[in-house]
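Counting in this note's numbering, the sequence shown runs from 1026 upward without gaps. The beta carbon of each residue, even a glycine, is placed where N, CA and C say it ideally should be. Just so you know, these numbers come straight off a predicted model, no measurement behind them.
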Amino acid sequence: MFYTMKHVTSLDGVRGLAVLVVMLFHAKVSGFSLGWAGVPLFFCLSGFLITSILMENKRSSFADYIKTFLINRSLRIFPLFYAYLLVNFLLLIATGKPTDGYVWFITYLQNYYIGYHITTPGILGHTWSLAVEEQFYWIWPLVIFFISRRYMSALFITLIIVSSVSRYFIFDFTNGNPYIVNVTLISCTDMLVLGAIFSKIKNDTHATAIGFITFIAGVLLILRGINYVGMDSFWNPVDWAGKCWYMFTAFGMIFSSSIFFLYKWSINKPNKAIVKIFSSKPLVFTGKISYGLYMWHLLCFSVANKIYSTLNFTQSKIYLILLGFVISYIVSTISYYAYEVHFLKLKKHARKISESKVPA
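Quick look at the structure:
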């Protein structure tokens, strides 16, 4: 039998917040210069949720454990990703634009292509984070299954340190390329594993104290980073990629501990104001279609720009942004209910087949 983590509605709200922050950042909304932090938030949440599921299923045979996990992940990720790749490819062909480097995207290695070339064929730049997560999904189930729980914390802390420090060496090795520093699997592992740590300890006696210390330490590290690089550079990670390599780790510490606290409050104090905010219907719905929003929003923003310029609108930019968001929500809602949901049903079907094989 494959166990799934108990659904916590407020964590859908976290996913919704993360995608909204990314969208506002890409829409170049004034005051959202820190919107790039939405991706580290996604990483921390993914590490927390995936590790929770994997830890629950260590009791299964390895064959069932790895097969069911990979099938579930593939059914959730691949259909929409490759549909978007196909749409993007057809648009490139139709407009006579080059499709160089497409094989990197098909094989989920585009984070390295984007990091080195600082460009993509069509509107694909935002997919680098999906490549990082997919690469993580191929390795992490093996780590969780084969490493004893006794040694996990030590391994997790080691991975976080290695990942954080790797950004300094990657920057040096690539002659100061600030883009590749932020998009490799090793340089993003700390954020994913920070989420994993809190997943592992979430029911431990000292978890709350660890969460509080982690949060405060993250804030102090960010303040130190701001003091080092200056407030102007702080808003753009490209400016401090090699100089302040621990900054992403600090964000991961804040986000992962915050996710942990929200999880605990959702279970033990569901009437707490912050839980109600993240469990609100608009935010939860946004979280539900967040994968589609993340995939489609840049293309939808491009369509909105085309409409805006074609009709010669001269109104405030706010109308352009609203149009982009409306189109994104419409397309993503249709994408979810007309396309993605059919593959999600296959996940449930695969789980029933797996459970039917368990002897009575």
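Span separating the alpha-carbon of VAL1383 from that of ARG1175
Here the question's residue 1383 lines up with position 358 in the sequence shown. Here the question's residue 1175 lines up with position 150 in the sequence shown. Low confidence applies to VAL1383: its pLDDT is 44, below 50, so where it sits in the model is not reliable, and the reading given next is rough at best. In a straight line, the C-alpha of VAL1383 is about 28 Å away from that of ARG1175.
Should ASP1037 go down as buried or exposed, given a rule of 16 or more other Cβ atoms within 10 Å for buried?
In the sequence shown, the residue the question calls residue 1037 occupies position 12. Counting Cβ neighbours within 10 Å, ASP1037 comes out buried, since at least 16 surround it.
Taking DSSP as the reference, what is the three-state secondary structure of GLN1340?
Position 315 of the sequence shown holds residue 1340. Three-state result, GLN1340: coil.
Just curious, the alpha helix (DSSP H) that THR1076 is in, first and last residue?
Position 51 of the sequence shown, counted from the start, is the residue given in the question as residue 1076. THR1076 -> alpha helix (DSSP H) spans 1063-1081.
With distances taken between CB atoms, is the gap from ALA1043 to ILE1346 smaller than 7 Å?
Position 18 of the sequence shown, counted from the first residue, corresponds to residue 1043. Position 321 of the sequence shown, counted from the first residue, corresponds to residue 1346. Not in contact: ALA1043 and ILE1346 (Cβ atoms no closer than 7 Å).
Is the beta carbon of TRP1270 closer than 7 Å to that of VAL1254?
What you label residue 1254 is simply residue 229 of the sequence shown in a count that begins at 1. What you label residue 1270 is simply residue 245 of the sequence shown in a count that begins at 1. Going by C-beta atoms, VAL1254 is not nearer than 7 Å to TRP1270.
Exposed or buried, VAL1351, counting other C-beta atoms within 10 Å across all chains shown (16 or more means buried)?
Taking the sequence shown and counting its residues from 1, the one referred to as residue 1351 is at position 326. Exposed: under 16 other Cβ atoms inside 10 Å.
Selected residue, minimal CA-CA separation from ILE1195, among LYS1225, SER1178, ILE1164, LYS1268
The residue labelled residue 1195 in the question sits at position 170 within the sequence shown. That would be LYS1268, whose Cα lies nearest to the Cα of ILE1195.
Residue interval of the alpha helix (DSSP H) (run including ASP1215):
Indexing the sequence shown from 1 puts residue 1215 at position 190. Looking at the DSSP string, the run of the alpha helix (DSSP H) that includes ASP1215 is 1210-1226.
Where does SER1086 fall in DSSP's three states?
Mapped onto the sequence shown, residue 1086 falls at position 61. Coil.
Could you check whether the stretch 1174-1192 touches the stretch 1216-1227, counting it as contact only if at least three pairs of C-beta atoms, one from each stretch, sit closer than 8 Å?
yes
Within 7 Å, strictly: CB atoms of ILE1279 and PHE1240:
The residue you call residue 1279 lines up with position 254 of the sequence shown. The residue you call residue 1240 lines up with position 215 of the sequence shown. Yes, the Cβ-Cβ distance between ILE1279 and PHE1240 is below 7 Å.
Following the continuous alpha helix (DSSP H) through LEU1149, name the residue where it begins and the one where it ends.
Counted from its first residue, the sequence shown places residue 1149 at position 124. From DSSP, LEU1149 is part of no alpha helix (DSSP H); its letter is neither H nor E.
Taking 8 Å as the threshold, find out whether the stretch 1318-1334 comes into contact with the stretch 1351-1361 through three or more Cβ pairs.
yes
Just to confirm my understanding: we take ILE1222, look at its own chain, exclude 5 residues before and 5 after, and list those with CB closer than 6 Å. What are they?
Counting from one through the sequence shown, the residue named residue 1222 turns up at place 197. Taken in chain order, the residues that qualify are PHE1181.
What separation, rounded to the nearest whole angstrom, lies between the Cα atoms of LEU1116 and TYR1127?
Along the sequence shown, read from residue 1 onward, the residue named residue 1116 stands at position 91. Along the sequence shown, read from residue 1 onward, the residue named residue 1127 stands at position 102. Near 13 Å, if we compare the C-alpha coordinates of TYR1127 and LEU1116.
State buried or exposed for ALA1062, treating a residue as buried only when at least 16 other CB atoms are found within 10 Å of its CB.
What you label residue 1062 is simply residue 37 of the sequence shown in a count that begins at 1. When all chains shown are included, ALA1062 counts as buried.
Report, in whole angstroms, the separation of the C-beta atoms of PHE1073 and SER1281, which I expect to be a contact under 8 Å.
Indexing the sequence shown from 1 puts residue 1073 at position 48. Indexing the sequence shown from 1 puts residue 1281 at position 256. With 8 Å as the limit, PHE1073 and SER1281 qualify as a contact, their Cβ atoms being about 7 Å apart.
Who are the Cβ neighbours of THR1199 in its own chain at under 7 Å, not counting the five residues just before and after it?
Start at 1 with the first residue of the sequence shown, and residue 1199 comes out as number 174. So the qualifying residues of the chain are ILE1205.
Mapping the DSSP letters down to three states, classify ALA1385 as helix, strand or coil.
Along the sequence shown, one-based indexing puts residue 1385 at 360. Any answer about ALA1385 is weak, because its pLDDT of 35 lies below 50 and its placement is not dependable; what the coordinates show is given next. Coil, per DSSP.
Please report the distance separating the alpha-carbon of ASN1261 from that of TYR1319.
As a working note, residue 1261 is residue 236 in the sequence shown. As a working note, residue 1319 is residue 294 in the sequence shown. Near 20 Å, if we compare the C-alpha coordinates of TYR1319 and ASN1261.
Pair within 7 Å by beta-carbon distance, TYR1361 and GLY1317
On the sequence shown, residue 1361 is found 336 positions in, with the first residue counted as 1. On the sequence shown, residue 1317 is found 292 positions in, with the first residue counted as 1. Yes. Within cutoff.
I need the boundaries of the alpha helix (DSSP H) containing TYR1127, first residue and last residue.
Position 102 of the sequence shown holds residue 1127. 1127-1131 is the span of the alpha helix (DSSP H), which, as asked, contains TYR1127.
ASP1229 - containing alpha helix (DSSP H), residue span
To locate residue 1229, count along the sequence shown from 1; it is residue 204. Element bounds for ASP1229: n/a, residue is neither H nor E.
Suppose contacts are defined by Cβ-Cβ distances below 7 Å. Is PRO1065 in contact with PHE1276 by that definition?
Residue 1065 sits at position 40 when you count from the first residue of the sequence shown. Residue 1276 sits at position 251 when you count from the first residue of the sequence shown. Contact: yes.
Relative to the C-alpha of THR1152, which residue among TRP1163, LEU1184, THR1209, LYS1306 is closest?
Translated into positions along the sequence shown, residue 1152 becomes position 127. Ranking TRP1163, LEU1184, THR1209, LYS1306 by Cα distance to THR1152 puts THR1209 first.
Go ahead and label GLN1135 buried or exposed: buried means 16 or more other beta carbons lie within 10 angstroms of its beta carbon, across all protein chains shown.
Numbered from its first residue, the sequence shown carries residue 1135 at position 110. Looking at its Cβ environment, which holds 16 or more other Cβ atoms inside 10 Å, GLN1135 is buried.
One question on the structure: do TYR1090 and ASN1082 come within less than 7 Å of each other, judged by their Cβ atoms?
Taking the first residue of the sequence shown as 1, we reach residue 1090 at position 65. Taking the first residue of the sequence shown as 1, we reach residue 1082 at position 57. Against a cut-off of 7 Å, the Cβ pair of ASN1082 and TYR1090 comes out as a contact.
For the alpha helix (DSSP H) that contains PHE1285, what are its first and last residues?
On the sequence shown, residue 1285 is found 260 positions in, with the first residue counted as 1. Counting along the chain, the alpha helix (DSSP H) containing PHE1285 begins and ends at 1272-1293.
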